[in-house]
Amino acid sequence: MTDSAILRVAVPSPLRRLFDYLWPADLGPLPAPGCRVLVPFGRRKVVGMVVEVTDHSDFHLSKLKPVTQLLDSQPLLPEPMLQLCKWAAGYYQHPIGDALGTALPALLRKGEAVPEQRHTYWQLTPHGKGLPASALARAPRQQQVLQHLQRYRTASRAAFQPLGITLTVLKQLEQKGLIEAVSTPLLQSSDPVELLSETPLPLYPQQQQALDAIELHNFHCYLLDGETGSGKTEVYLQAIEKVVRYGRQALVLIPEISLTPQTLSRFQARFNCSVVVLHSGLTDRERALGWNAARTGQAAIIIGTRSAIFTPLHKPGLLIVDEEHDNSFKQQDGFRYSARDLAVIRASREEIPLILGSATPSLESLHNCQQQRYTRLILSQRPGSAQQPRWQTVNIRQHRLSAGYSRELIEAMQQQLNEGNQVLVFLNRRGFAPTLSCHQCGWIANCYRCEARLTVHRHINRLLCHHCEYQQAVPNSCPDCHSAQLQCIGQGTERSEEILEALFPQYPVIRVDRDTTRRKQAMQAMVDRVNGGEPCILIGTQMLAKGHHFPNVTLVAILDADGGLFSADFRAPEKMGQLITQVAGRAGRGDKPGTVILQSHHCDHPLIASLVQQDYRSFSDMLLAERHLAQLPPFRHMALLRAEAADGQAAAEFLQYARQCAEQLLPASPDTGYLGPLPAAMEKRNGRFRHQLSITCRERPRLQQLMSPLSVMLEQSPLGAKVRWSVDIDPQDMT
Ligand code: ADP
Ligand code: ZN
Ligand code: ZN
Numbered sequence: 074m075t076d077s078a079i080l081r082v083a084v085p086s087p088l089r090r091l092f093d094y095l096w097p098a099d100l101g102p103l104p105a106p107g108c109r110v111l112v113p114f115g116r117r118k119v120v121g122m123v124v125e126v127t128d129h130s131d132f133h134l135s136k137l138k139p140v141t142q143l144l145d146s147q148p149l150l151p152e153p154m155l156q157l158c159k160w161a162a163g164y165y166q167h168p169i170g171d172a173l174g175t176a177l178p179a180l181l182r183k184g185e186a187v188p189e190q191r192h193t194y195w196q197l198t199p200h201g202k203g204l205p206a207s208a209l210a211r212a213p214r215q216q217q218v219l220q221h222l223q224r225y226r227t228a229s230r231a232a233f234q235p236l237g238i239t240l241t242v243l244k245q246l247e248q249k250g251l252i253e254a255v256s257t258p259l260l261q262s263s264d265p266v267e268l269l270s271e272t273p274l275p276l277y278p279q280q281q282q283a284l285d286a287i288e289l290h291n292f293h294c295y296l297l298d299g300e301t302g303s304g305k306t307e308v309y310l311q312a313i314e315k316v317v318r319y320g321r322q323a324l325v326l327i328p329e330i331s332l333t334p335q336t337l338s339r340f341q342a343r344f345n346c347s348v349v350v351l352h353s354g355l356t357d358r359e360r361a362l363g364w365n366a367a368r369t370g371q372a373a374i375i376i377g378t379r380s381a382i383f384t385p386l387h388k389p390g391l392l393i394v395d396e397e398h399d400n401s402f403k404q405q406d407g408f409r410y411s412a413r414d415l416a417v418i419r420a421s422r423e424e425i426p427l428i429l430g431s432a433t434p435s436l437e438s439l440h441n442c443q444q445q446r447y448t449r450l451i452l453s454q455r456p457g458s459a460q461q462p463r464w465q466t467v468n469i470r471q472h473r474l475s476a477g478y479s480r481e482l483i484e485a486m487q488q489q490l491n492e493g494n495q496v497l498v499f500l501n502r503r504g505f506a507p508t509l510s511c512h513q514c515g516w517i518a519n520c521y522r523c524e525a526r527l528t529v530h531r532h533i534n535r536l537l538c539h540h541c542e543y544q545q546a547v548p549n550s551c552p553d554c555h556s557a558q559l560q561c562i563g564q565g566t567e568r569s570e571e572i573l574e575a576l577f578p579q580y581p582v583i584r585v586d587r588d589t590t591r592r593k594q595a596m597q598a599m600v601d602r603v604n605g606g607e608p609c610i611l612i613g614t615q616m617l618a619k620g621h622h623f624p625n626v627t628l629v630a631i632l633d634a635d636g637g638l639f640s641a642d643f644r645a646p647e648k649m650g651q652l653i654t655q656v657a658g659r660a661g662r663g664d665k666p667g668t669v670i671l672q673s674h675h676c677d678h679p680l681i682a683s684l685v686q687q688d689y690r691s692f693s694d695m696l697l698a699e700r701h702l703a704q705l706p707p708f709r710h711m712a713l714l715r716a717e718a719a720d721g722q723a724a725a726e727f728l729q730y731a732r733q734c735a736e737q738l739l740p741a742s743p744d745t746g747y748l749g750p751l752p753a754a755m756e757k758r759n760g761r762f763r764h765q766l767s768i769t770c771r772e773r774p775r776l777q778q779l780m781s782p783l784s785v786m787l788e789q790s791p792l793g794a795k796v797r798w799s800v801d802i803d804p805q806d807m808t
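Numbering (our numbering), first residue to last: 74 to 808.
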């Protein structure tokens, strides 16, 4: 049908398509793509976004409903962002309405107007202006306000605070009709006279070379491959400075975990211009304000976690993804996008440079450098007197351990503490012990909903499942044989903390994991305490690995390095190597040299040996060679179909059907491989049985050509209604 204005609208719906609506002429001129509209959907009215304007529909006009209301006079999302969302929805096989929803702050998703950042200040009324400075002598506070405003004309509430003037005083004057509050939209930031509020550090030669290599006026990807503490952040800061100087904006993505006050204050300390931070701790209104400041160009620098990749920029100039290897850039449920990979797409479309930075780059990015798609910029030293730490392994295969600690390790710790230094112990397992078992009959406390053991949390005296919400009290006796001899097996951070307190009673032990940092500010309090400089022992999980700068830590101990060596997930060794290298990087960041002691049952394993004797670079070369042999990503492109159901059979059958459909569309060949359906590594989780089917292709476009029609077929299959299923493109977590 033709001859009518039709809007193709993205609405929040699990269906992977747009919906057509009529544009009633009485609503005025046609809205542009990127505007929100209120439309009838089923029995409800929902907020949708105009994606296309057209004059024809596949449906008969009489079937189409009219738009109810237009919510924006100007597009909320500029064209490039709309295109990016469309692209991402197509690439990740996700419903466009939901993808666009991810791109908008919650407030705007709900249909509210864009909040305006307003500036409120006080000024004298004409009556107030007429008073002599000596008036109000009997109310000194009020007189002070009067004199202040006579001198400076206006002042914000914040400006009165240091003068000790409260809102009550201001209100009293307002009531007397002497002063009034005025509120105006915040002005667009004009170029500050002085962009920087501190002098940049003089770069050392490798940093300077890296900075010079980055071309600011066209698209290119740079991998800033710099060891921990080598000064990557300084390179970011100076690249951002260049970009802001010519009136453009910089968007910096960082992992949630490294969004510490330490990181932020480095950006805020450097620049006078407005730095907006977008993270999950903001209120809806704060988030919308920050988002809008980026969109209008009011904010020059935007720092955020994963979803900030969708922040529209008025004048984009530079994208940075710090710790680009970090898993948190890939969303693991719903819209399974990778913010790092979208940054590449976004930078290329906006024709701006992208810097991916890491001390432990992902194999994907290293592969892209080898293929000469990215330029690798290497920082291999630490500035000043700081040096890379020395490594030492302790083979614990035949050792007697005191609750996880070898004698060598205890002695080394004692020595460092005696010399007034700090020690960091890394154990990536929270709780007291990972297993509770009966000494008499061998019973083990398992989660009844998951194929997993329950972790003992002694502090709260409960057993917790780390894979679902299940928890229970710690039993007094074995439920099978009623013996009271229940024992905790293995080490968690809680237990290790106890052991350390017993071994080193004269030193404080500070535990850092999800359980001790739940309170707001708790993490910062610990960081402050450590950086107070007194000798102490830090024990913690991967929360300690990233972003922190502890100049007094001279010894890092890795209690058990073997976790990733024999996992079902082909990415596990890569993640293990990254984590170990990142933790090790906390040693020796100040003036004193650092040591890393790594305990392992497999010191002679080639992967462990290459990490310890060489470095992450040779380790990652070895892994890349293995992936090449096994024809795994990044040498192949992968899609993972997952299905789970209370009835495992249904999940397997659904994937069997998926495989049949897929093989009809794209038969297996040397270029296309199918594996599965197979039970997932953790077959049962949260009461459901999980299966998966992986599809790998040599060519990315091939995989895309398959996945789009396949997703639609599966969406329409009645088998799909009985299971919970999902498509994961470039999956990161295979368990
Ligand atoms: P990375 O981001 O690579 O981990 P940082 O940027 O945090 O490294 O730098 C580590 C430390 O070295 C910081 O304290 C930083 O101030 C300092 N630093 C960085 N570059 C220089 C430089 N050119 N001269 C002196 N100190 C530097
Ligand atoms: Zn028993
Ligand atoms: Zn569970």
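Note that the Cβ used here is the ideal one computed from N, Cα and C, for glycine as well.
Go to residue i, then tell me how far its alpha helix (DSSP H) extends in each direction, as first and last residue.
i, result
"ILE313", "305-318"
"ASN365", "357-369"
"PHE727", "721-738"
"MET154", "152-164"
"LEU652", "645-657"
"LEU245", "Before going further, note that residue 245 is Gln rather than Leu in the sequence given. First-last of the alpha helix (DSSP H) with GLN245: 240-248."
"ASP128", "Counting along the chain, ASP128 falls outside any alpha helix (DSSP H), and DSSP gives it neither H nor E."
"SER569", "566-576"
Which residues share a DSSP beta bridge with residue i?
i, result
"HIS530", "ARG535"
"LYS136", "LYS136 is not bridged to any residue."
"ASP93", "ARG81"
"MET122", "ALA83, ARG109"
"GLN765", "ARG715, LEU751"
"ASN491", "The partner list for ASN491 (beta bridge, DSSP) is empty, contrary to what the question assumes."
"THR745", "SER742, CYS770"
"PRO389", "GLN322"
"TYR478", "SER475"
"TYR277", "Note: TYR277 sits in no beta bridge, so no partner."
Applying the 10 Å Cβ sphere with the 16-neighbour rule, what's the burial state of residue i?
i, result
"CYS523", "buried"
"PHE639", "exposed"
"LEU748", "exposed"
"TYR94", "buried"
"PRO791", "exposed"
"ASP720", "exposed"
"MET755", "exposed"
"VAL348", "buried"
"ALA794", "exposed"
"ASP131", "exposed"
"ALA817", "Since the displayed the chain opens at 74 and closes at 808, residue 817 lies outside it and no answer follows."
"THR75", "For THR75, the predicted structure reports a pLDDT of 45, less than 50, and the residue's modelled location is therefore unreliable. The matter cannot be settled from this model."
"SER263", "Confidence at SER263 is low in this model, with a pLDDT of 49, below 50, so the placement of that residue should be treated as unreliable; the coordinate-derived value is given next. SER263 is exposed by the Cβ-count criterion."
"THR466", "buried"
"LYS757", "buried"
Span of the beta strand (DSSP E) holding residue i?
i, result
"GLU710", "Rather than Glu, the amino acid found at residue 710 in this sequence is His. Where HIS710 is concerned, the enclosing beta strand (DSSP E) stretches over 710-718."
"THR448", "447-452"
"THR227", "227-229"
"SER510", "508-511"
"GLN597", "Counting along the chain, GLN597 falls outside any beta strand (DSSP E), though it belongs to the alpha helix (DSSP H) covering 595-604."
"ALA630", "626-631"
"SER353", "First-last for SER353: undefined, no H or E at that position."
"LEU297", "293-299"
"LEU427", "426-431"
"ILE799", "Reading the sequence as shown, one finds Ser at residue 799 and not Ile. It spans 797-802 - the beta strand (DSSP E) in which SER799 sits, taken as one unbroken run."
Original post:
Does the count of Cβ pairs from the region 558-577 and the region 495-509 closer than 8 Å reach three?
Top reply: The region 558-577 and the region 495-509 touch, with no fewer than 3 CB-CB distances between them shorter than 8 Å.
Subject >> Lining residues of ligand 2 - beta-carbon closer than 5 Å to any non-hydrogen atom, in sequence order >> reply: The answer, residue by residue, is CYS511, GLN513, CYS514, TRP516, CYS551, ASP553, CYS554, SER556.
Original post:
Mind listing, in chain order, the residues whose beta carbon lies closer than 5 Å to a non-hydrogen atom of ligand 3?
Top reply: These are the residues, in chain order, with a beta carbon less than 5 Å from any non-hydrogen atom of ligand 3: CYS520, ARG522, CYS523, CYS538, HIS540, CYS541, TYR543.
**OP:** Decide if the region 665-677 is in contact with the region 399-406; the criterion is three or more beta carbon pairs, one per stretch, under 8 Å apart.
**Re:** Look at the beta carbons and you see the region 665-677 not touching the region 399-406: under three pairs across the two are nearer than 8 Å.
Original post:
Does the region 604-619 come within contact of the region 470-482, defined as at least 3 CB pairs closer than 8 Å?
Top reply: Per the Cβ contact rule, the region 604-619 is not in contact with the region 470-482 (fewer than 3 Cβ pairs under 8 Å).
Original post:
Any contact of the region 152-161 with the region 111-121, i.e. 3+ C-beta pairs under 8 Å?
Top reply: Touching, no.
Original post:
With a cut-off of 8 Å, do at least 3 Cβ pairs link the region 306-325 to the region 381-401?
Top reply: Result yes; three or more Cβ-Cβ pairs closer than 8 Å.
**OP:** Report yes or no: do three or more beta-carbon pairs, one from the region 341-359 and one from the region 293-307, lie closer than 8 Å?
**Re:** The region 341-359 vs the region 293-307: no contact.
**OP:** Could you tell me whether the region 372-388 touches the region 411-419, using the rule of 3 or more Cβ pairs below 8 Å?
**Re:** The region 372-388 is in contact with the region 411-419.
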